[in-house]
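Student: Using this note's numbering, the first residue of the sequence shown is number 17, and each one after it goes up by one.
Quick reminder that beta carbons are idealized off the backbone N, C-alpha and C, glycines included.
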Amino acid sequence: MRPEVDIYGVYIPTLGAMAVIVFFINAILRRALAATGFYRLVWHRPLFDTALYFCLLGALVLTINRIPL
């Protein structure tokens, strides 16, 4: 993993930047799941949302690590 991202001279940890990106992806996905009624099938919604967030974060980290420097 790249150690940090330089944004106009401000160094941000790569994992922090990815966490922010995944937060917005997760928010869109939660709205889509709520609109389709998927949450009626879920036992514990906050636990499911947290697990979904970390699954998306892990998938993004694995995807970014496959891109060569």
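Assuming contact is defined by CB atoms lying nearer than 7 Å, are Val-36 and Leu-72 in contact in what I supplied?
Tutor: no
Student: List the residues that DSSP assigns as beta-bridge partners of Val-26.
Tutor: Ile-23
Student: Assuming Asp-65 and Arg-46 are in contact, meaning their beta carbons sit under 8 Å apart, how far apart are those beta carbons, in whole angstroms?
Tutor: 6 Å
Student: Just to confirm my understanding: we take Ile-28, look at its own chain, exclude 5 residues before and 5 after, and list those with CB closer than 7 Å. What are they?
Tutor: So the qualifying residues of the chain are Glu-20, Val-21.
Student: Measuring straight from C-alpha to C-alpha, what distance separates Gly-53 and Gly-25?
Tutor: 44 Å
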